[in-house]
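Presented below is the structure to which this report refers.
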Amino acid sequence: MTFITDLMNYEFLRNALIANVLISFVTGMVSPVIVYKRLEFIGDGLAHAIFAGVAFAVIFNFNVLLGSVLATLFFAYLVYVLSKDSKIAESTAIGMLLPVFMSIGVILFSKSPRYTVDVTSYLFGNILLISKYDIYFVVFVLALTIAVLSLKHYEISYWLADETMAKFYGIK
């Protein structure tokens, strides 16, 4: 037991543990929907989109978290647009966009006049570098996830059970 209490004496370990637990709650709530809709590839696609967002944020000198969020939202929007009314499946759209976003990130980093950034730290990350502000962001995402899943439970369940009928009844 002293091992655990000793670990909690260090802020970086405490932050890593808290973030890990909170993120596991978020992924635990969202992953059944992802698996049921056969979007298992979305995690890989969003990770590549984040790389482009980070490159953009670093080069144009604004918040990396904001750049990541904007890039993932844009990526998700493009996946939606490509697969909405076409014969392209969502996983195919993700596979098409994944190398595009990764290439954008690599090109932006390589063409930067101040290319002094350690790109591998953005590619692989480090859970021990989680700050208290990152934990606040994760708490916000967890609260948003709980709110959306609670408020839209009926619509999400209907959409998962029968997407065609859900569209017929106006559930989007």
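First residue of the sequence shown: 877, per the working numbering; consecutive thereafter. Note that beta-carbon positions come from the ideal geometry of N, C-alpha and C, so glycine has one too. This one's a predicted model, so the numbers in the text were calculated from it and none came from an experiment.
Other residues of its chain near ASN896: CB distance less than 8 Å, five sequence neighbours each side excluded: Against the sequence shown, residue 896 aligns to sequence position 20. So the list reads ILE1003, once near-sequence residues are dropped.
Of the listed residues ILE970, THR1040 and GLY1001, nearest to ILE918 (C-alpha basis): Here the question's residue 918 lines up with position 42 in the sequence shown. Among ILE970, THR1040 and GLY1001, the Cα nearest to that of ILE918 is on ILE970.
Boundaries (first-last residue) of the alpha helix (DSSP H) holding ALA1016: The residue labelled residue 1016 in the question sits at position 140 within the sequence shown. With the sequence shown as reference, residue 1016 is identified as Phe, and Ala is not the correct amino acid for it. Where PHE1016 is concerned, the enclosing alpha helix (DSSP H) stretches over 1008-1027.
SER986 (DSSP reduced to helix, strand or coil): Residue 986 sits at position 110 when you count from the first residue of the sequence shown. In this structure, SER986 counts as helix in the three-state DSSP scheme.
PHE951 beta carbon less than 9 Å from that of GLY921: Position 45 of the sequence shown, counted from the start, is the residue given in the question as residue 921. Position 75 of the sequence shown, counted from the start, is the residue given in the question as residue 951. Yes. Within cutoff.
Proximity of GLU966 and VAL955 at Cβ, strictly below 9 Å: As a first step, residue 966 is located in the sequence shown; it is residue number 90 there, counting from the start. As a first step, residue 955 is located in the sequence shown; it is residue number 79 there, counting from the start. Result yes, Cβ atoms of GLU966 and VAL955 sit closer than 9 Å.
Alpha carbon of SER979 to alpha carbon of TYR998, nearest angstrom: Here residue 979 is taken as the residue at index 103 of the sequence shown, counted from 1. Here residue 998 is taken as the residue at index 122 of the sequence shown, counted from 1. Cα to Cα, the separation comes out at about 15 Å.
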